[in-house]
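For reference, the structure is listed below as structure tokens.
2 protein chains.
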Amino acid sequence: MTEYSSQGDPARSLALLWRTGERTGRKGKPEIGVDRIVRAAIEVADAEGLGALSMRKVAEQLGVGTMSLYTYVPGKAELIDVMLDTAYGELPMPEEVPGGWRGRLELIARENLALYRRHPWMLQVSSLTRPPLGPNLIAKYDYELRAVDGIGLDDLEMDSVVTLLNGYVSGAARGAVEAAQAPGDTGVTDEQWWYAHAPYLAKVFDPRRYPVAARVGAAAGEAYNAAYDPDQAFEFGLQRVLDGIEAFVAARTAR
Amino acid sequence: MTEYSSQGDPARSLALLWRTGERTGRKGKPEIGVDRIVRAAIEVADAEGLGALSMRKVAEQLGVGTMSLYTYVPGKAELIDVMLDTAYGELPMPEEVPGGWRGRLELIARENLALYRRHPWMLQVSSLTRPPLGPNLIAKYDYELRAVDGIGLDDLEMDSVVTLLNGYVSGAARGAVEAAQAPGDTGVTDEQWWYAHAPYLAKVFDPRRYPVAARVGAAAGEAYNAAYDPDQAFEFGLQRVLDGIEAFVAARTAR
DNA sequence: CGGTGCACGGTACGCCGTACGGAACCCTGG
DNA sequence: CCAGGGTTCCGTACGGCGTACCGTGCACCG
Chain C
547 MTEYSSQGDP
557 ARSLALLWRT
567 GERTGRKGKP
577 EIGVDRIVRA
587 AIEVADAEGL
597 GALSMRKVAE
607 QLGVGTMSLY
617 TYVPGKAELI
627 DVMLDTAYGE
637 LPMPEEVPGG
647 WRGRLELIAR
657 ENLALYRRHP
667 WMLQVSSLTR
677 PPLGPNLIAK
687 YDYELRAVDG
697 IGLDDLEMDS
707 VVTLLNGYVS
717 GAARGAVEAA
727 QAPGDTGVTD
737 EQWWYAHAPY
747 LAKVFDPRRY
757 PVAARVGAAA
767 GEAYNAAYDP
777 DQAFEFGLQR
787 VLDGIEAFVA
797 ARTAR
Chain G
547 MTEYSSQGDP
557 ARSLALLWRT
567 GERTGRKGKP
577 EIGVDRIVRA
587 AIEVADAEGL
597 GALSMRKVAE
607 QLGVGTMSLY
617 TYVPGKAELI
627 DVMLDTAYGE
637 LPMPEEVPGG
647 WRGRLELIAR
657 ENLALYRRHP
667 WMLQVSSLTR
677 PPLGPNLIAK
687 YDYELRAVDG
697 IGLDDLEMDS
707 VVTLLNGYVS
717 GAARGAVEAA
727 QAPGDTGVTD
737 EQWWYAHAPY
747 LAKVFDPRRY
757 PVAARVGAAA
767 GEAYNAAYDP
777 DQAFEFGLQR
787 VLDGIEAFVA
797 ARTAR
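Taken in sequence, the protein lines are chains C and G.
Be aware that the first sequence starts at 547, since it is given in this note's numbering, and climbs by one per residue.
Be aware that the second sequence starts at 547, since it is given in this note's numbering, and climbs by one per residue.
Structure follows, in structure tokens:
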């Protein structure tokens, strides 16, 4: 825990993010390198989760001693910052997208969801208030703003819309990731989980006290074969959010 | 890390949640008790964060030995489950709320935000797919469904709307909590943080390459005195989400 | 060819969750 | 009144973590 980011010296962090560390290049050949460390760390985090990401494991993956990592990276927190910016670099950012601003935002939402699915640890790490200001994060911010540029919103409104969409997607992604990894983590499918809990719950839960929960819960369970269907939730929510934004855009352009 | 929930034996977990553990009451006086442990754990997590929540610290808070806790609670994961359900019990659930379904949903959103602000650790713990099925969580689910009962939605649609709203609120709350605790955690105000990063960023960031990000980022920074204003973001997003739901309800009731 | 600065990593410290087994206590059955 | 046994309580120990500190040896420059 205490797994956030950006506590280190800003100069060191930004130098790392933008790779402006003056590689001396004079002496010993740099066997390891920041990039290889970051790649290995992302592999570990993808495969085993952020909780299993340790400096020892990254070093082992690279076949070097644990402490050697500290030659290239000030600490785990800064390493995670660089991992995050690196992963954001995977986002495709096509220039021509059909469907106007709504089509562009929809694509952004889907690509972000796919990214978070590939790298679930990003959701436990990303910060809204003090993001690691790396090149890829800035490129992403610029790209997303351009999706709503020139449609009648002022600068602050553009920022608000992009922030809302990103917030929505990361929430939905959290649900999707959790649903995807629950069986693998625990070795128990949703169905098994439900059947294990049902008998005790039946003893203890009185449907007459909570009739609506009982009715809707049963309907949802039957429809999704689980308490929650992440794909359905994502699609439903995305359309509602875009509808809400559309109403806002309409009101703004109507003066 | 690995700080999720609900890995234990369902029988033991549910017994804990619903307090159906057959207290023998015959032998040694139970000096400690689940409730006192949960209260102490919540105090620690509120004050120092989930990362600082340890069994040793909870025991110390109670003035007992660490291992004594394991008499009442199977492990840390189950303890966190009970903490979560207990905290949800703090939500007020008034029956008469003005403003129809929209007024009711708006109140739910605000009360949930306030709850997460009081107990930020909840955001790192709550699960959509396999929630700890305690009495307070079920009561919350029932209450929220009743806010949208009888307005023309079917059961699945009611569930989707409630899920969307809860997802939105927890995302916004994450931003708010992070913004609130960033200064305390790091001893650096937003302004100081910005002034520390600005000179290096100026060296490395080319505004001509990302003109929109530069323009909007500057406007937002000036308006909020930070990269992000959680209150503004919450209000803006909440109205958009409710507008989107309103459009959906209108479409459904128009057949 | 000697000197120097860097890459690399071994050891150790203080945290964590919790398995294990022992000690102390109190209620009950005789 | 006492013996037995179930419970509560907890000391110790193990294997993990991040990383501070410091030693070693190599590769290059002069």
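Virtual Cβ for every residue (Gly too), placed ideally from N, Cα, C.
The model shown is predicted, which means the values in this text are computed figures rather than measured ones.
Query raised in the report: Using a C-beta cutoff of 8 Å, does Ile684/C count as contacting chain G?
Result: Walking along the first sequence from the start, residue 684/C turns up at place 138. Closer than 8 Å to some Cβ of chain G, the Cβ of Ile684/C qualifies, so yes.
Requested in this report: With a threshold of 7 Å, establish whether the CB of Tyr634/C neighbours any heavy atom of the ligand SAH.
Outcome: By its list of ligands, the structure shown contains no ligand whatsoever, and the ligand SAH lies outside what it can speak to.
Query raised in the report: Name the chain G residues whose beta carbon is nearer than 9 Å to that of Ile791/C?
Result: Numbered from its first residue, the first sequence carries residue 791/C at position 245. Those within 9 Å of Ile791/C in chain G are Arg786, Asp789, Gly790.
Query - Cβ-based burial, Ala766/C [other Cβ within 10 Å; buried from 16] - result: Your numbering for residue 766/C matches position 220 in the first sequence. Buried: at least 16 other Cβ atoms inside 10 Å.
**Report entry** DSSP-derived helix/strand/coil call for Trp647/C
**Finding:** Residue 647/C sits at position 101 when you count from the first residue of the first sequence. Of the three classes helix, strand and coil, the one that applies to Trp647/C here is helix, per DSSP.
Report task. Please classify Lys542/C: is it buried, with 16 or more other beta-carbons within 10 angstroms of its beta-carbon, or exposed? Result -> Because chain C here runs from 547 to 801, residue 542/C falls outside it and cannot be looked at.
Report task. Return helix, strand or coil for Tyr662/C, following the three-state DSSP convention. Result -> The residue you call residue 662/C lines up with position 116 of the first sequence. DSSP, read as helix, strand or coil, puts Tyr662/C in helix.
Report task. Identify the contact partners of Pro810/G in chain C, using a Cβ-Cβ distance below 7 Å as the criterion. Result -> Since the displayed chain G opens at 547 and closes at 801, residue 810/G lies outside it and no answer follows.
Requested in this report: For Ala705/C, return the contacting residues in chain G, with the cut-off set at a CB-CB distance below 7 Å.
Outcome: The residue labelled residue 705/C in the question sits at position 159 within the first sequence. Position check: residue 705/C holds Asp in this sequence, whereas Ala was assumed. One finds Val762, Ala766 in chain G with Cβ atoms closer than 7 Å to the Cβ of Asp705/C, taken in chain order.
Requested in this report: Tell me where the alpha helix (DSSP H) around Gln785/G begins and ends.
Outcome: For this step, residue 785/G is matched to residue 239 along the second sequence. Membership of Gln785/G in the alpha helix (DSSP H) is indicated by the continuous run 776-799.
Requested in this report: Would you check if there are 3 or more beta carbon pairs closer than 8 Å linking the stretch 753-760 of chain C to the stretch 780-791 of chain C?
Outcome: Short answer: they don't touch.
Requested in this report: Pull up the CB-CB distance for Ala586/C and Leu608/C, whole angstroms please, since I reckon it's below 8 Å.
Outcome: Walking along the first sequence from the start, residue 586/C turns up at place 40. Walking along the first sequence from the start, residue 608/C turns up at place 62. Taking a contact as a CB-CB distance under 8 Å, the pair Ala586/C and Leu608/C counts as one, their CB atoms being some 5 Å apart.
Report task. Would you mind stating whether Tyr774/C and Ala725/C have Cβ atoms separated by less than 8 Å? Result -> Working through the first sequence from its first residue, we reach residue 774/C at position 228. Working through the first sequence from its first residue, we reach residue 725/C at position 179. Yes, the pair counts as a contact, with Cβ atoms nearer than the cut-off.
Query raised in the report: Can the beta-carbon of Ile588/G be found less than 8 Å from the beta-carbon of Thr632/G?
Result: Here residue 588/G is taken as the residue at index 42 of the second sequence, counted from 1. Here residue 632/G is taken as the residue at index 86 of the second sequence, counted from 1. In contact: Ile588/G and Thr632/G (Cβ atoms closer than 8 Å).
Query - Element boundaries [alpha helix (DSSP H), containing Ser706/G] - result: Sequence index remark: in the second sequence, residue 706/G carries index 160 (1-based). Bounds of the alpha helix (DSSP H) holding Ser706/G are 701-732.
Query raised in the report: Is Val604/G near Ile626/G, with beta carbons less than 8 Å apart?
Result: As a working mapping, residue 604/G is identified with position 58 in the second sequence. As a working mapping, residue 626/G is identified with position 80 in the second sequence. Going by C-beta atoms, Val604/G is not nearer than 8 Å to Ile626/G.
Query raised in the report: Does DSSP classify His675/G as helix, strand or coil?
Result: If you number the second sequence from 1, residue 675/G lands on position 129. Position check: residue 675/G holds Thr in this sequence, whereas His was assumed. For Thr675/G, the secondary structure class from DSSP, reduced to helix, strand or coil, is coil.
Query raised in the report: When burial is assigned at 16 or more other CB atoms within 10 Å of the CB, is Tyr741/G buried or exposed?
Result: If you number the second sequence from 1, residue 741/G lands on position 195. Flag for Tyr741/G reads exposed.
Query raised in the report: Span of the alpha helix (DSSP H) holding Val762/C?
Result: Counting from 1 along the first sequence, the entry for residue 762/C is found at position 216. Val762/C -> alpha helix (DSSP H) spans 757-770.
Query raised in the report: What do you reckon, are the CB atoms on Leu661/C and Glu636/C nearer than 8 Å?
Result: As a working note, residue 661/C is residue 115 in the first sequence. As a working note, residue 636/C is residue 90 in the first sequence. Between Leu661/C and Glu636/C, the gap from beta carbon to beta carbon is short of 8 Å.
Query raised in the report: Trp564/G to Gly680/G, Cα distance in whole Å?
Result: Along the second sequence, read from residue 1 onward, the residue named residue 564/G stands at position 18. Along the second sequence, read from residue 1 onward, the residue named residue 680/G stands at position 134. Rounded to whole angstroms, Trp564/G to Gly680/G spans 6 Å at the Cα level.
Query - Residues near Thr612/C in its chain [Cβ-Cβ closer than 6 Å; skip 5 each side] - result: The residue labelled residue 612/C in the question sits at position 66 within the first sequence. Cβ within range, chain order: Met601, Arg602, Ala605.
Query raised in the report: Grouping DSSP H, G and I as helix and E and B as strand, with all else coil, what is Pro745/G?
Result: Within the second sequence, residue 745/G is the residue found at index 199, counting from 1. DSSP places Pro745/G in helix when its eight states are reduced to three.
Query raised in the report: Roughly how many angstroms lie between the CA atoms of Pro701/G and Ala748/G, to the nearest whole one?
Result: Here residue 701/G corresponds to residue number 155 of the second sequence, with the count starting at 1. Here residue 748/G corresponds to residue number 202 of the second sequence, with the count starting at 1. For the sequence presented, residue 701/G should be read as Asp rather than Pro. In this structure, the CA atom of Asp701/G is about 54 Å from the CA atom of Ala748/G.
Query raised in the report: Quick one: does Ala591/G have its CB under 8 Å from some CB of chain C?
Result: For this step, residue 591/G is matched to residue 45 along the second sequence. So no, Ala591/G is outside the interface.
Query raised in the report: Straight-line CA distance for His743/G to Leu560/C?
Result: Looking up residue 743/G in the second sequence gives position 197. Looking up residue 560/C in the first sequence gives position 14. Near 8 Å, if we compare the C-alpha coordinates of Leu560/C and His743/G.
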